[in-house]
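Q:
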């Protein structure tokens with residue numbers, strides 16, 4: 052059975068299939084009865100909860116508060132900001148009726164034709180419209196600003212081709228929506244939240260990211276600027292892992308949200324919005340995991356340490372438990388999540404394979420011989436290396452070991468990205484580098500037409516214009532037109 056648990060497709064054989072299998076085998080999620088929607092299972096949700104708790108703490112430290120807005124949005128609201136509705140029109144699920152009835156022929160329930168809504172309602176694809184309609188009631192003066200609100204919610208975007216966590220019709224996320232008195236404040240907010248996302252990705256997910264601004268073609272519908280964090284997966288593809296938008300006054304104008312400024316003049320409010328979703332789960336899986344299963348960063352692992360006793364009889368089991376339970380309590384007192392698995396319905400070998408598959412960072416095994424020697428076997432999930440340590444000092448060793456693992460998997464991911472980030476100056480080299488699964492820094496002439504042609508011919512997009520990209524004179528690899536800096540190209544999820 053343990054062999055079956057680890058019977059994963061190899062990444063080198065079929066990376067996409069490896070990912071799909073791992074999500075299911077590691078008990079993270081499964082397909083649901085609703086097309087394109089997933090069931091997030093308890094172990095998967097426990098990881099999301101840890102992400103959510105940490106992000107929520109970071110949001111509150113930067114002055115934000117949580118609120119909740121309706122799931123359903125009047126269709127007319129989406130018509131008010133033309134670019135916004137065009138961006139989401141093809142993904143909207145529409146509620147047209149409010150009642151069911153028994154079918155006259157007794158075949159089941161049908162929609163009651165007399166229960167048609169006067170105005171159709173849209174299941175939110177994002178909440179800018181309903182929130183800005185609400186802010187109109189909250190804002191009259193500069194004294195009411197800024198408003199720094201976040202919402203934890205679900206949204207629906209009717210995706211045709213779905214993959215669990217990466218792209219599903221319904222997903223969980225947070226969306227921040229802020230209102231400001233000046234353009235400078237709103238712009239600063241968008242960049243501040245981009246940096247919060249970057250810090251979270253690198254310090255907690257152990258995922259290195261490139262921070263940048265999107266091209267006009269890739270910008271959020273209705274935004275003046277979209278900032279992004281882009282992560283490299285093990286196959287060299289990019290995953291957009293969080294975005295932050297400077298919305299200017301577009302939504303304030305669409306919903307007539309004005310305020311009296313300090314000069315006693317009426318003007319439109321300035322806005323930002325920003326969000327990350329359960330797509331971060333996909334980033335976590337694809338950045339670190341291996342052919343044996345998940346590799347989880349200790350900062351987000353639901354179980355950071357698992358202790359498995361190895362015993363032949365109840366007396367040995369009791370003797371091991373007597374020694375181990377104080378260790379469990381001592382580690383928990385240090386804020387470490389520990390599971391002591393002394394269940395007798397599964398053999399130790401099965402447990403080892405299962406916890407390896409689920410990415411538990413540290414596994415301790417202790418048997419009668421270990422007890423006699425005062426030792427314990429330690430296995431690190433990141434390297435699969437085993438070592439023996441003294442039982443009496445293990446509580447001092449574990450916190451440092453968890454930080455060591457966290458740092459190691461970050462450095463491993465960073466090293467991979469650095470090795471697979473290349474500069475190219477001509478189109479043939481560009482296409483060859485793409486096939487190798489790389490991030491490519493290349494010159495671009497700034498035109499949407501060139502960007503679109505490259506996308507059509509190679510399936511690569513401009514992931515971002517990196518914020519730390521230096522000025523560098525060059526020419527576009529396709530058109531030969533002047534360029535003043537390199538941008539980041541990659542194929543993406």
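Residue numbers (my numbering): 52 to 544.
Glycine is no exception: its CB is placed at the ideal position from the N, C-alpha and C atoms.
(1) What do you reckon, are the CB atoms on residue 305 and residue 138 nearer than 7 Å?
(2) Per the DSSP calculation, residue 440 is bridged to which residue(s)?
(3) With a cut-off of 8 Å, do at least 3 Cβ pairs link the segment 152-168 to the segment 277-292?
(4) State buried or exposed for residue 70, treating a residue as buried only when at least 16 other CB atoms are found within 10 Å of its CB.
(5) Have a look at 104, 276, 391, 442 and flag the residue whose alpha-carbon is nearest the alpha-carbon of residue 301.
(6) Taking the alpha-carbon of residue 406 as reference, which of 125, 357, 526 has the nearest alpha-carbon?
(7) Beta strand (DSSP E) containing residue 310: first to last residue?
(8) Hey, how far is the Cα of residue 363 from the Cα of residue 415?
(9) Span of the beta strand (DSSP E) holding residue 237?
(10) For residue 466, name the three-state secondary structure that DSSP assigns.
(11) Check whether the Cβ atoms of residue 331 and residue 102 lie closer than 7 Å to each other.
(12) Would you please state the rounded distance, in angstroms, between the beta carbons of residue 408 and residue 344? I believe it to be under 8 Å.
(13) Would the segment 445-460 and the segment 385-392 be scored as touching if the rule is three or more Cβ pairs under 8 Å?
(14) Contact defined as beta carbons within less than 8 Å: I believe residue 473 pairs with residue 484. What is the distance between those atoms, to the nearest angstrom?
(15) Taking Cβ to Cβ, would you say residue 513 is nearer than 7 Å to residue 263?
(16) Are there three or more Cβ pairs, one per stretch, closer than 8 Å when the segment 92-112 is compared with the segment 242-255?
(17) Please state whether DSSP places residue 192 in a helix, a strand or coil.
(18) When DSSP labels each residue in this structure, what does residue 132 get in the three-state scheme?
(19) Buried or exposed: residue 55, going by 16 or more other Cβ atoms within 10 Å of its Cβ?
(20) Relative to the C-alpha of residue 118, which candidate in 106, 227, 148 has its C-alpha closest?
(21) What distance in whole Å lies between the Cβ atoms of residue 429 and residue 421, which are believed to be in contact at a cut-off of 8 Å?
(22) Can you round the beta-carbon distance between residue 311 and residue 320 to whole angstroms, since I take them to be within the 8 Å contact cut?
(23) What do you reckon, are the CB atoms on residue 412 and residue 456 nearer than 7 Å?
(24) Rounded to whole angstroms, what is the Cα-Cα separation between residue 349 and residue 530?
(25) Considering only residues of the same chain and omitting the five flanking positions on each side of residue 265, which have a CB-CB separation below 7 Å?
(26) Rounded to the nearest angstrom, what separates residue 392 and residue 379 at their Cα positions?
(27) Drop a sphere of 10 angstroms on the beta-carbon of residue 495, count the other beta-carbons inside from all chains shown, and report buried for 16 or more, exposed for fewer.
(28) Please state whether DSSP places residue 499 in a helix, a strand or coil.
(29) State buried or exposed for residue 433, treating a residue as buried only when at least 16 other CB atoms are found within 10 Å of its CB.
(30) What is the DSSP secondary structure of residue 422, counted as helix, strand or coil?
(31) Do residue 296 and residue 267 come within 7 Å of each other at the CB atom, strictly closer than that value?
(32) Near residue 136, what residues of its chain come up, given a Cβ to Cβ distance below 7 Å and the 5 sequence neighbours on each side ignored?
(33) Return helix, strand or coil for residue 78, following the three-state DSSP convention.
(34) Excluding five sequence neighbours on each side, which residues of the same chain lie with their C-beta closer than 6 Å to the C-beta of residue 468?
(35) Under 8 Å by Cβ, that's how I've got residue 324 and residue 179 pegged, so tell me the actual separation to the nearest angstrom.
(36) What separation, rounded to the nearest whole angstrom, lies between the Cα atoms of residue 189 and residue 85?
A: Straight from the coordinates:
(1) Translated into positions along the chain shown, residue 305 becomes position 254. Translated into positions along the chain shown, residue 138 becomes position 87. Not a contact, by the Cβ cut-off of 7 Å.
(2) In the chain shown, residue 440 corresponds to position 389, counting from 1. 427.
(3) no
(4) Sequence index remark: in the chain shown, residue 70 carries index 19 (1-based). Residue 70 is buried by the Cβ-count criterion.
(5) Translated into the one-based positions of the chain shown, residue 301 becomes position 250. Minimum Cα distance to residue 301 is reached at 276.
(6) Locating residue 406 in the chain shown gives position 355, where the first residue counts as 1. The shortest C-alpha separation from residue 406 is found at 357.
(7) The residue labelled residue 310 in the question sits at position 259 within the chain shown. Residues 309-311.
(8) Reading the chain shown from its first residue, position 312 is the one you call residue 363. Reading the chain shown from its first residue, position 364 is the one you call residue 415. Spanning the two alpha carbons is a distance of roughly 18 Å.
(9) If you number the chain shown from 1, residue 237 lands on position 186. Here residue 237 belongs to no beta strand (DSSP E); instead the alpha helix (DSSP H) covers 234-254.
(10) As a working note, residue 466 is residue 415 in the chain shown. In the structure shown, residue 466 sits in a helix (DSSP, three-state: H, G or I).
(11) Start at 1 with the first residue of the chain shown, and residue 331 comes out as number 280. Start at 1 with the first residue of the chain shown, and residue 102 comes out as number 51. Closer than 7 Å, so yes.
(12) Residue 408 sits at position 357 when you count from the first residue of the chain shown. Residue 344 sits at position 293 when you count from the first residue of the chain shown. The Cβ separation is near 3 Å, so the contact holds.
(13) yes
(14) Locating residue 473 in the chain shown gives position 422, counting from the first residue. Locating residue 484 in the chain shown gives position 433, counting from the first residue. With a Cβ gap of about 5 Å, residue 473 and residue 484 count as contacting.
(15) Translated into the one-based positions of the chain shown, residue 513 becomes position 462. Translated into the one-based positions of the chain shown, residue 263 becomes position 212. Cβ distance not < 7 Å, so residue 513 and residue 263 don't count as in contact.
(16) yes
(17) Along the chain shown, one-based indexing puts residue 192 at 141. In the structure shown, residue 192 sits in a strand (DSSP, three-state: E or B).
(18) For the purposes of this step, residue 132 is taken as residue 81 along the chain shown, with counting starting at 1. Correct three-state label for residue 132: coil.
(19) If you number the chain shown from 1, residue 55 lands on position 4. Low local confidence applies: a pLDDT of 44 at residue 55 is under 50, so the model's placement there is unreliable, and no value is given.
(20) Looking up residue 118 in the chain shown gives position 67. Checking every option, the nearest Cα to that of residue 118 belongs to 227.
(21) Taking the first residue of the chain shown as 1, we reach residue 421 at position 370. Taking the first residue of the chain shown as 1, we reach residue 429 at position 378. The Cβ separation is near 11 Å, so there is no contact.
(22) Along the chain shown, read from residue 1 onward, the residue named residue 311 stands at position 260. Along the chain shown, read from residue 1 onward, the residue named residue 320 stands at position 269. Actually they are not in contact, since the Cβ atoms of residue 311 and residue 320 sit about 11 Å apart, beyond 8 Å.
(23) The residue labelled residue 412 in the question sits at position 361 within the chain shown. The residue labelled residue 456 in the question sits at position 405 within the chain shown. Yes; because the gap between Cβ atoms is below 7 Å, this pair is in contact.
(24) Position 298 of the chain shown, counted from the first residue, corresponds to residue 349. Position 479 of the chain shown, counted from the first residue, corresponds to residue 530. Going from the Cα of residue 349 to the Cα of residue 530 covers about 47 Å.
(25) Along the chain shown, read from residue 1 onward, the residue named residue 265 stands at position 214. 277, 279, 515.
(26) Taking the chain shown and counting its residues from 1, the one referred to as residue 392 is at position 341. Taking the chain shown and counting its residues from 1, the one referred to as residue 379 is at position 328. Approximately 11 Å between the Cα atoms of the pair.
(27) Numbered from its first residue, the chain shown carries residue 495 at position 444. Counting Cβ neighbours within 10 Å, residue 495 comes out buried, since at least 16 surround it.
(28) On the chain shown, residue 499 is found 448 positions in, with the first residue counted as 1. Helix, per DSSP.
(29) Here residue 433 refers to the residue found at position 382 of the chain shown. Label assigned to residue 433: buried.
(30) To locate residue 422, count along the chain shown from 1; it is residue 371. It is helical.
(31) The residue given as residue 267 occupies position 216 in the chain shown. The residue given as residue 296 occupies position 245 in the chain shown. Not closer than 7 Å, so no.
(32) Residue mapping note: residue 136 aligns to position 85 of the chain shown, counting from 1. Taken in chain order, the residues that qualify are 129, 130.
(33) Reading the chain shown from its first residue, position 27 is the one you call residue 78. Coil at residue 78, not helix or strand.
(34) Along the chain shown, one-based indexing puts residue 468 at 417. Only 259, 283 meet the Cβ criterion.
(35) Within the chain shown, numbered from 1, the residue matching residue 324 stands at position 273. Within the chain shown, numbered from 1, the residue matching residue 179 stands at position 128. Yes, they are in contact, since the Cβ atoms of residue 324 and residue 179 sit about 6 Å apart, within 8 Å.
(36) The residue given as residue 189 occupies position 138 in the chain shown. The residue given as residue 85 occupies position 34 in the chain shown. Put simply, the backbone Cα of residue 189 is about 38 Å away from that of residue 85.
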